[in-house]
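Each protein sequence line maps, in turn, to chains C and X. The opening position of the first sequence corresponds to residue 1 in the UniProt record's numbering, with each subsequent residue numbered one higher. The opening position of the second sequence corresponds to residue 1 in the UniProt record's numbering, with each subsequent residue numbered one higher. Take a look at the structure set out below.
2 protein chains.
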Amino acid sequence: MNSNEKNKSFKSFILITVIQVLSAYYLYRFFFIPPDMPALDTEQWWGPYPMDLDHDKSIRPLTIEFSDVMINDLRERLLHRRPLQPPLENVGFTYGFNPRYLNQVMEYWHNKYNFKEREQFLNQYDHFVTNIQGLDIHFMHIKPKNIAGLEVVPLIMLHGWPGSFREFYDVIPYLMAEQPEQKIAFEIIVPSLPGFGYSQASVRPGLGPAEMAVIINNLMKRIGHDKYYIQGGDLGHTVGSIIATAFPENVLGFHTNFPVLLSHRAALLYITCGSLIPSLIETKELQPRLYPLSEHWSRLIEESGYMHIQATKPETVGVGLSDSPAGLAAYILEKFSTWTNPGNKKAGDGNLLKKFSLNQLLDNLMIYWATNTVTTSMRVYAESFNEKQNFLIFDRIPTNVPTWGIKFKYELMYQPDTALSFKYKKYLQSTVVEDGGHFAAMEYPELMAKDIIQAVIKFQKFWKFEKQESNETPPLHETARTVYEFTVKSINGRDVKLSDYKGNVLLIVNVASQCGLTTTNYQQLNELHEKYHQKGLRILAFPCNQFNGQEPGTSKDILNFTKDRGVKFDLFEKVDVNGDNAHPLWKFLKKAQSGTIGDFIKWNFSKFVVDRNGVPVERYAPHVNPLDLEKDLAKYW
Amino acid sequence: MNSNEKNKSFKSFILITVIQVLSAYYLYRFFFIPPDMPALDTEQWWGPYPMDLDHDKSIRPLTIEFSDVMINDLRERLLHRRPLQPPLENVGFTYGFNPRYLNQVMEYWHNKYNFKEREQFLNQYDHFVTNIQGLDIHFMHIKPKNIAGLEVVPLIMLHGWPGSFREFYDVIPYLMAEQPEQKIAFEIIVPSLPGFGYSQASVRPGLGPAEMAVIINNLMKRIGHDKYYIQGGDLGHTVGSIIATAFPENVLGFHTNFPVLLSHRAALLYITCGSLIPSLIETKELQPRLYPLSEHWSRLIEESGYMHIQATKPETVGVGLSDSPAGLAAYILEKFSTWTNPGNKKAGDGNLLKKFSLNQLLDNLMIYWATNTVTTSMRVYAESFNEKQNFLIFDRIPTNVPTWGIKFKYELMYQPDTALSFKYKKYLQSTVVEDGGHFAAMEYPELMAKDIIQAVIKFQKFWKFEKQESNETPPLHETARTVYEFTVKSINGRDVKLSDYKGNVLLIVNVASQCGLTTTNYQQLNELHEKYHQKGLRILAFPCNQFNGQEPGTSKDILNFTKDRGVKFDLFEKVDVNGDNAHPLWKFLKKAQSGTIGDFIKWNFSKFVVDRNGVPVERYAPHVNPLDLEKDLAKYW
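Quick look at the structure:
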């Protein structure tokens, strides 16, 4: 190889290295660096313009009403519903809601469902509305009766689609029962999400899950809760998760029965890679809930047609459901069959009454029918998958709100705790249930209630522990303002307070004896020292063995080495500059002057300039020679 | 390297080569080898059991009837339709059918659509039903009045979803107009596909597009047409394409206004690769119809929600559409807006009346409403994407039926002719139209009619040409039964009739002078010749330069070379053994004895054994040495 060729091959080597480092960096960013938190306007107006700044902010009582006009109209429609074509032979629910069984449900709705009694049932809890950001938002508010000696636990419970506040009617009594041994009393708030049931829908595009999160957080503040707990599944999970991410200061704990990350790239990569060796990421018992991925994906594809059409054409599909009670019932009740257990598809009646009563199911339907809100409820899918896709971005931003998941066996998706903790940094626990599906609050109310209570106890413990922790002094490198607050050890083992350097310009550098850069750097650092010592420059050299082990020796070895080179500037004891054990001074330097592609120290001879006030003001990479700093340093003399 | 290491590295080399060859072979298979034709039962029974073998096979007239009972019920529903929630501000059709505009359509349907007049309009053509495989199949039959001196052209026109036989009402008059200069007269058949409109739906699962193709082909035979032309778009394209693939003997030509391959792997690979250098596969003007792929994919995703839900839950989504005329109108008419031009979404009325009249659109709706068949029509999606996915398999099987596409600018998908010809081996032409969308027959009836006429003329020419071709003697290698029918040239240029070898056992081999196998082979061929000449063995060696150019010389060079080696067996002139120019004898040999992974000759010294009757009976690969054949040859002495 002649020198020209050598030069060429060296250049290619450098080029390839640069490309590899860059691509590694971008892959890392793509998978592991959370996106910026999307800006949320906490006062965005969703009602008609002009915006009414002085609008009524009172909380007004509401009574659920099934008017006679509505009931008669509904009964007419049920009576005169069009005969359906017979189903294909022996298909059960595999082509959707079996029309033969639908006739039986319609009969019940028409003849047996007692509208007035059910109205009363729904009114057993107190209902209210209050105007938030231009929209009347409905909620139930259930207050504890006896709170003497108990801690009141404000809990908001968030329904999903195609659910409603009705989802929680069977859980609430278990939660509100006195729990003297736990010393807590629940105060429960159950809203209708905007566009659902008795909550108004936005008049203009843009109200997706993130914007719902803003409204719900504002609602809780209106009610008087600055700190509260959240429970949610399905869309309620999504909204709750966004509140815990965007407003962590308001959330004491997040309990989810849909513990799933829909768009966390690293978590999805992790789960995908896990399919190669499942035992690495999930226990043997739980692996079948996740693997083979293909099987679970095909269930998801089979069950997501509604989402696809609602995300793209909610107005189109909504018309028939608004106009026809049979259409609405088939569309919504199918989910209560198939999402509760995929095996239900084989049954001619979808096993619908195995876990639910028709009254339960029709109550939920009535909330959609009476308010004529099926179309407005479906718009949230279009607002989720629009260009902003805010809700997917929030999924990728970590939160420190303590989180607890309950995993029912037939839920539409399953993810291991290790994946969930990619986002939920304080993922405390999962409860694994060997039955149950997507509508857990209605299917297993007692079990759900018990789990929520356990979670709240754990959340409270978590905060007690955090409080203890936070009473301790935070680490110095987090709070320090100048390098003068740090103490280091000289190469001879003496404590040196950096405040001794007050008034000097400092050049702080990590050194090593066996690096390709060693000769030039020591030579030029000496030269700088000679030239500018008079003007107040002090060079502080910290040996470090973290880069390819190029500073392996003891303090004595290092001293001998530097003596040979006639070093006159100040030398200190060997330290770590990266990692958890990095010296606090170096943690501080890196925080104050972060690097181009991450704040970690890249190699030996990284250089920090500290001004005469002790503030780190410049950082130079290892390849910048000490003498190249002369020009920049000039401004500090 | 010691010999052990050499051996190892040679083994690895062989292993890697084998793996590469195998993977290349499997990739080739995956992309380029068509699957086997799925078996289709041409008598499958779709009606209720017991199967009625003697069922009425007559063709019975049908009159389209809008009964007063039906009209009154429909009007009631329209009048009492439930008020729709107002749309979001300024969204046009971007969230689906705009409910404000839907009200106007409903007003028209209720007050202005003249049911009796439209009934008459629909009855302007003769309607019939006949029972095919247990189902009453409806069709219109329009016969030419004056056929003196004209060739009658039987043409079946196949509608799509959510279309019907109404799609063709505006095209038919243009086709039926006398075309004296073309000397043809159309006889048009327009069926309702099974489950659509006046054709009965199957009572059991399994009637997908391939099974529809069987029924339609049987219908044409019932009507008396063994040979006919097909026109189709959307589902009509899919069914037509399958008929042209499974029953090419019945199809004279296929005209499609949806020229698209949904699952042809090689074609899709080709289109995907084409996105790197679009100019390689499509003209500059047409590239924007295809690229960037991402843009076209996102339109497809936006427009395929209906397909997703119909493929998975047709019964569920069908209920509201069966029960509510408003629901049906929104669901179906939205497609006539958005699939005609994606720009229509921005308009508050979806530009619906820009290309269509409400009478046209409501006629089509009435066919679904009056027959209550929207649910049964949607089932074909579930039958398409079931486990068999027959319709996708047929997409990958080539057909020689002459095919002609017309490409409207805003059709949902676009593919270049070069991609289409992966399947349509006789893809004759594309007509490119600078406007128009998915419902072309209704949007541009005159243009469509003219294009169909042009296509039929071209199809007729194609067949005339084919007939001439087929009147010529088919190539000898296709018809020959023994090698004795061939004549070859000796290395000296003399004609040698192989019939001269009658009664001998022949070993026919392609040779080369500069191959690694040359020495061994010539040596051992000589040995075989010496040993078995007496018993009747004749060795026929054909020099060939197609393998790495290892037989570059002239006949003289080859003669010199073989003289040096004392060759006494028979040598012939240099030939090609692979490719179009291969010598007919070799084409015959390869056809008679095809190889393990394709019938092409793999290398020099492939060996064919021909028995004493002139029939090729064995084939050996190049690496089999001539002496290894001794044992096998023994049975022929």
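Just so it is clear, CB atoms sit at the ideal spot from N, CA and C, and this is done for glycine as well.
Residue closest to residue i, alpha-carbon to alpha-carbon, out of the options
i         : options                                    : result
C/Val-456 : C/Val-251, C/Val-615, C/Pro-173            : C/Val-251
C/Ser-555 : C/Leu-358, C/Thr-519, C/Gly-493            : C/Gly-493
X/Ile-223 : X/Asn-364, X/Phe-254, X/Ile-59             : X/Ile-59
X/Lys-574 : X/Asp-557, X/Lys-590, X/Val-567            : X/Asp-557
C/Phe-385 : C/Pro-205, C/Gly-236, C/Thr-482, C/Glu-411 : C/Pro-205
X/Arg-75  : X/Phe-465, X/Tyr-113, X/Lys-346            : X/Tyr-113
C/Gln-231 : C/Phe-168, C/Phe-247, C/Lys-221            : C/Phe-168
C/Val-152 : C/Asn-341, C/Leu-135, C/Pro-180            : C/Pro-180
X/Lys-531 : X/Asp-599, X/Asn-578, X/Glu-630            : X/Glu-630
C/Glu-187 : C/Lys-143, C/Ile-508, C/Glu-551, C/Leu-498 : C/Lys-143
X/Ile-184 : X/Ser-67, X/Ser-199, X/Pro-154             : X/Pro-154
X/Phe-408 : X/Pro-398, X/Val-432, X/Ile-397            : X/Val-432
C/Tyr-410 : C/Lys-450, C/Thr-371, C/His-296            : C/His-296
C/Tyr-125 : C/Thr-373, C/Asp-226, C/Phe-139            : C/Phe-139
C/Trp-463 : C/Lys-227, C/Glu-551, C/Ile-277            : C/Lys-227
Close beta carbons around residue i, own chain, < 8 Å, minus the five adjacent residues each side
i         : result
C/Met-378 : Trp-161, Gln-310, Pro-314, Val-317, Gly-318
C/His-237 : Leu-158, Gly-160, Thr-256, Asn-257, Phe-258, Pro-259, Val-260
X/Ser-490 : Val-496, Asp-570, Leu-571, Phe-572, Glu-573
Assumed close pair residue i, residue j - CB separation to whole angstroms, cut-off 8 Å
i                      : j         : result
X/Phe-391              : X/Ala-201 : The pair is not a contact, with the Cβ atoms about 18 Å apart (cut-off 8 Å).
C/Ala-621              : C/Lys-602 : 6 Å
C/Val-380              : C/Leu-261 : That pair is no contact at about 19 Å.
X/Gly-437              : X/Trp-369 : No, X/Gly-437 and X/Trp-369 are not in contact; Cβ-Cβ is about 24 Å, not under 8 Å.
C/Gly-92               : C/Lys-355 : That belief does not hold up - the Cβ atoms of C/Gly-92 and C/Lys-355 are roughly 17 Å apart, past 8 Å.
X/Ser-241              : X/Phe-196 : Not quite, the Cβ-Cβ distance comes to about 18 Å (not below 8 Å), so this is no contact.
residue 643 of chain C : C/Ile-189 : One cannot answer for residue 643 of chain C here, as it falls past the ends of chain C, which runs 1 to 637.
Cβ-based neighbour list, residue i, same chain, cut-off 6 Å, excluding 5 preceding and 5 following
i         : result
C/Ala-382 : Ala-311, Pro-314
X/Pro-61  : Phe-128
X/Tyr-424 : Thr-403
C/Thr-42  : Val-214
Close beta carbons around residue i, own chain, < 7 Å, minus the five adjacent residues each side
i         : result
C/Gln-429 : Trp-404, Lys-458
C/Tyr-636 : Val-505, Asp-611, Arg-612
Beta-carbon gap between residue i and residue j smaller than 7 Å
i                      : j         : result
C/Pro-626              : C/Leu-559 : no
X/Leu-540              : X/Asp-570 : yes
X/Phe-605              : X/Asn-521 : yes
C/Ile-281              : C/Thr-418 : yes
X/Leu-589              : X/Val-488 : no
C/Pro-34               : C/Ile-393 : no
C/Pro-194              : C/Leu-207 : yes
C/Arg-100              : C/Pro-325 : no
C/Ala-213              : C/Val-171 : no
X/Leu-293              : X/Ser-275 : yes
residue 640 of chain C : C/Gly-350 : One cannot answer for residue 640 of chain C here, as it falls past the ends of chain C, which runs 1 to 637.
X/Arg-118              : X/Ile-367 : no
C/Thr-375              : C/Ser-322 : yes
X/Leu-333              : X/Leu-361 : yes
C/Phe-31               : C/Leu-420 : no
Residues that residue i bridges to, as DSSP identifies them
i         : result
X/Val-610 : X/Leu-506, X/Pro-616
C/Asn-604 : C/Asn-604 is not bridged to any residue.
C/Leu-261 : DSSP, once it has assigned bridges, lists no residue as partnering C/Leu-261.
X/Tyr-424 : X/Thr-399
C/Leu-158 : C/Gly-232
C/Val-488 : C/Val-496
Cross-chain neighbours of residue i in chain B, by beta carbon under 8 Å
i         : result
C/Ala-201 : In the structure shown, chain B does not exist; the protein chains are C and X.
Proximity test, residue i beta-carbon vs the ligand COA heavy atom, cut-off 6 Å
i         : result
X/Leu-358 : Of the ligands one can find in the structure shown there are none, so the ligand COA has no counterpart to examine.
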